[in-house]
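*Asks:* Here our numbering is used: the first residue of the sequence shown is 313, the next is one more, and so on.
For each residue, glycine too, the CB sits at the ideal point set by N, CA and C.
Owing to the predicted nature of the structure, the values given are computational and were not obtained by experimental measurement.
Following this message is one structure expressed as structure tokens.
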Amino acid sequence: MESTPPITPSSEAPKSNRNLIIGVVAAVVLCCCCVVTGAAGYYGYQAYVTAQQAVQQFEDIQIPEIPSDIPFDPNNLPTDMGDVPQGGLSDDTTRYSAWLSLQLVGMMSGCETPTASTTTIEVTQQPDASGVWKESWNVDCGNGSFQAYTVTFTPENGIVTPSVEIP
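If you want it as structure tokens, here you go:
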């Protein structure tokens with residue numbers, strides 16, 4: 313009878329590709345990371361350039377000058393008052409302050425170009441015990457129409473403060 317020869321282990325072990333596969337996977341992952349980092353850097357730089365351009369455009373914006381004939385401090389009015397409507401009980405400085413307020417309120421309420429020379433002032437309430445009085449200012453809007461505004465004058469600590477009622 314014939315017998316099968318016994319299998320003897322060979323001295324040569326079977327080759328494993330495990331190290332090669334790990335190396336290839338590591339190389340692919342490293343390449344992907346480099347590509348992602350490069351793309352993020354490119355888009356980050358593009359965002360930086362765009363932001364710099366926006367900042368430069370913002371710095372180039374010119375702020376318009378505020379007209380100097382409209383004072384912000386009614387206690388520090390200019391000495392040349394220009395055209396101011398005549399009449400009423402107030403002095404020139406208080407009437408000038410009221411006229412500036414009326415011009416602003418008038419422009420916001422549709423009275424485009426208030427004109428002082430044809431505006432009339434009528435006292436509607438004489439000063440009461442505290443000195444408060446009211447006047448009706450019939451403002452010429454410059455386009456042939458007139459609009460009436462009620463101005464209340466309130467004296468306080470030696471200063472008369474005009475306030476315009478918005479129609």
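1) For aspartate 452, report the span of its beta strand (DSSP E) as first-last.
2) Quick one: what does DSSP say glutamine 260 is sitting in, helix, strand or coil?
3) Serine 448 and aspartate 395 - do their beta-carbons sit closer together than 8 Å?
4) In whole angstroms, give me the CA-to-CA distance for glycine 454 and glutamate 477.
5) Between valine 463 and threonine 432, what straight-line distance do the alpha-carbon atoms span, to the nearest angstrom?
6) Rounded to whole angstroms, what's the CA-CA distance from leucine 412 to alanine 441? Just pull it up for me.
7) Where does the unbroken beta strand (DSSP E) through glutamine 374 begin, and where does it stop?
8) Look at the alpha carbon of serine 475 and the alpha carbon of glutamine 415, and state the distance between them as a whole number of angstroms.
9) Express the C-alpha separation of alanine 366 and glycine 443 in angstroms, rounding to a whole number.
10) Taking C-beta to C-beta, are aspartate 452 and proline 479 nearer than 8 Å?
*Replies:* Short version:
1) Residue numbering aside, residue 452 sits at position 140 when the sequence shown is read from its first letter. Unbroken beta strand (DSSP E) run through aspartate 452: 445-452.
2) Beyond the ends of the chain as shown, which are 313 and 479, falls residue 260; an answer cannot be given.
3) Sequence index remark: in the sequence shown, residue 395 carries index 83 (1-based). Sequence index remark: in the sequence shown, residue 448 carries index 136 (1-based). Cβ atoms of aspartate 395 and serine 448: not closer than 8 Å.
4) The residue you call residue 454 lines up with position 142 of the sequence shown. The residue you call residue 477 lines up with position 165 of the sequence shown. Going by the C-alpha atoms only, they are around 20 Å apart.
5) Here residue 463 refers to the residue found at position 151 when the sequence shown is read from its first residue. Here residue 432 refers to the residue found at position 120 when the sequence shown is read from its first residue. Counting only the Cα atoms, threonine 432 lies some 12 Å from valine 463.
6) As a first step, residue 412 is located in the sequence shown; it is residue number 100 there, counting from the start. As a first step, residue 441 is located in the sequence shown; it is residue number 129 there, counting from the start. Pairing leucine 412 with alanine 441, the inter-Cα distance amounts to about 27 Å.
7) For the purposes of this step, residue 374 is identified with residue 62 of the sequence shown, where counting begins at 1. Bounds of any beta strand (DSSP E) do not take in glutamine 374, whose DSSP letter is neither H nor E.
8) Locating residue 475 in the sequence shown gives position 163, where the first residue counts as 1. Locating residue 415 in the sequence shown gives position 103, where the first residue counts as 1. Approximately 12 Å, taken between the alpha carbons.
9) Along the sequence shown, read from residue 1 onward, the residue named residue 443 stands at position 131. Along the sequence shown, read from residue 1 onward, the residue named residue 366 stands at position 54. Straight-line measurement puts the Cα of alanine 366 at about 56 Å from the Cα of glycine 443.
10) Taking the first residue of the sequence shown as 1, we reach residue 452 at position 140. Taking the first residue of the sequence shown as 1, we reach residue 479 at position 167. No, the Cβ-Cβ distance between aspartate 452 and proline 479 is not below 8 Å.
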